[in-house]
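Numbering (the working numbering), first residue to last: 36 to 693.
Below is one structure, written out as structure tokens; comments come after it.
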Ligand code: ZN
């Protein structure tokens, strides 16, 4: 059996994850938070994830999943707890384990682990001690008041704000803090591990001497590190200095301000991303609290995932200078890659969030963010168009650049919306953009999923067909969906198939639906075209190669959201007779009554679709082809498709007679 949790949690043993997921009853888990009423085999209630008056939130006890038909949120018990409580996967598992009284046997810790664990505790203690000491110095010492406090006052920080963010000051006397900490019982090794002290010629010095201090908190409000800003104009020293990476402080996984912002982010369903400590603090003071900074590093995927626990929407606030923007465009791509929405706001030249907030009233700032933030495609297009101006070659490069960004979006529907928008803004045919996009997607998925996927008709399809059709229609999108529906719903079920033995006598053998479908497609060298469809198909192939039919749970709980959402879609959709069956006058009383017939006609429909769209194109290409090699390949493909067509016609004949 497949377990999706494995990659998430190294601490909880896999067999425990399995028993937690098996014990969890979705209706019990959800009903702690949502009032559910029975409707048929399902339960319904008001969705906890969006505002609604009539229930569209559905729980299926049989499948162990929830799905909201209003906002689209869906998943299993663990997913529900993650979404509802903003828990990580391990945290959700622990919650469920407690609920179902499953003991999570922690591995016995090694001696090194115990030492490391103790070191972490001691580092947290020292960081807390240091923060308190720095705040004391700021408010109580002459030096702190004269230098540190007057700097914060200059920035218009109120005392309540300074206290809330636990700002401080570290004395300029080379080792004052180190001395005090040592005298208070903190050992040298911990002072060095946290980076609060540095050692030089057997002597401890304060890392942050003469700097104002910005403590950096983790999600639970513990101080994990510090940022220190120098106030003089000494050119030899960096303006900002941060604690070094340590057991408790991983820069790439830390967001400045997240502890103070998380509730507002969740409530407002948007996270504002700024550059500096003072931007975060000024905006907070102005009452705009859903704001964090990726201080110390450029934005990382881990930081984006922290934000994703609270919202799917990020608005990046850029200073009004161009130099910084180009460097941080990568951040937009990374956010899109995580399946989140991103908007961008550019402050007027010479402004940053900090200065802007100080010069405007809160309502003005909120209005400004609301009105001036642009979706990424308008932003990027405008930014790059300025550079490309009227140079056609540069413009072509720009188009590729933007299509590349669109290709990173996991959700096909969003991609198509952005393609339309891009076509309008750049005045380029939508189809041209789609072709470019599909090329990128296909090559990426080929590389990602299976480096040695065979070349297929779908992949070598020409870029400019005669009559443009919507991408989904053209690529047999619906036919692929129907086949996936059969795989997910009936994959493990046995079919009884007829054959003849070596003596020519009729014989019967068993094969699973999954084998039957996957082998049939492989035989005709066909793969699905739509990226998520292809991923699921590949997961089936891999499973069958390893001797297991992947369980539907594997897809429902899959870490890639496009896979799990599609799987849930396909499992919850009412099974409808495909149009094809009506067209071919196939009488099907219910799908389970004649599963094989349903599968056959779906396979047939899929293949007809490919032939229908590909054969005319192929004929034209053959006429136009001049080089021998190209002609050979086209002829091979033509023969393959034609064989398929003959076979299909034969089959159709039989089906109709029956
Ligand atoms: Zn909902």
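In this text, a Cβ means the ideal position worked out from N, Cα and C, and glycines have one as well.
Put simply, the backbone Cα of residue 376 is about 12 Å away from that of residue 342. A direct Cα-to-Cα measurement between residue 597 and residue 606 gives close to 14 Å.
Residue 388 places its beta carbon less than 9 Å from that of residue 310.
For residue 550 and residue 108, the gap between their C-alpha atoms comes out near 31 Å. Bridge pairing for residue 250: 261 [DSSP]. In terms of Cα proximity to residue 685, the closest of 643, 668, 391, 278 is 643. Take the alpha-carbon of residue 197 and the one of residue 332: they are about 24 Å apart. Taking C-beta separations shorter than 6 Å and ignoring five residues to either side along the sequence, the partners of residue 250 in its chain run 166, 201, 258, 261, following chain order. In the three-state DSSP reduction, residue 603 falls in the helix class (H, G or I). The three-state reading of DSSP puts residue 293 in helix, counting H, G and I together.
Residue environment for residue 219: exposed (fewer than 16 other C-beta atoms within 10 angstroms of its C-beta). Nearest neighbour of residue 530 by Cα position, chosen from 177, 352, 192, 633, turns out to be 633. The ligand ZN has a heavy atom closer than 8 Å to the beta-carbon of residue 106. Residue pairing by DSSP places residue 343 in no beta bridge whatsoever. A distance below 9 Å separates the beta carbons of residue 326 and residue 292.
For residue 240, the three-state secondary structure derived from DSSP is strand. The beta carbon of residue 239 is closer than 7 Å to those of 210, 213, 223, 226, 232 in its chain, skipping five residues each way along the sequence.
Counting only runs that start and end inside the stretch 64 to 142, the beta strand (DSSP E) elements of at least 3 residues fall at 72 to 74, 77 to 80, 92 to 95, 100 to 103. Inter-residue distance for residue 171 and residue 290 is about 25 Å (C-alpha atoms, whole angstroms).
Contact between the stretch 368 to 383 and the stretch 403 to 412 is present: three or more C-beta pairs spanning the two stretches fall below 8 Å. Within the DSSP secondary-structure output, residue 377 pairs in a beta bridge with 349. The criterion of a C-beta distance shorter than 9 Å is not satisfied by residue 601 and residue 521. Residue 651 has its alpha-carbon roughly 17 Å from the corresponding atom of residue 667.
DSSP places residue 524 in the uninterrupted alpha helix (DSSP H) bounded by 512 to 525.
Listed in chain order, the beta strand (DSSP E) elements of length 3 or more contained wholly in the stretch 165 to 235 are 203 to 205, 232 to 235. Looking at 638, 347, 640, 677, the one whose alpha-carbon comes closest to that of residue 654 is 677. Using a Cβ distance threshold of 9 Å, residue 461 and residue 430 count as a contacting pair.
334 is the residue among 263, 334, 314 whose C-alpha sits nearest the C-alpha of residue 288. Counting only residues of its own chain and dropping the five nearest sequence neighbours on each side, residue 127 has a CB closer than 6 Å to the CB of 113, 116, 117.
Within the stretch 631 to 681, complete alpha helix (DSSP H) segments of at least 4 residues are not found at all. For residue 409, DSSP records a beta bridge to 379. An exposed status is given to residue 304, since fewer than 16 other beta-carbon atoms sit within 10 Å of its beta-carbon.
If you compare the alpha carbons of 593, 321, 673, 641 with that of residue 656, the shortest gap goes to 673.
The bridge partners DSSP lists for residue 275 are 264. Taking 9 Å as the cut-off, the Cβ atoms of residue 630 and residue 683 do not count as close.
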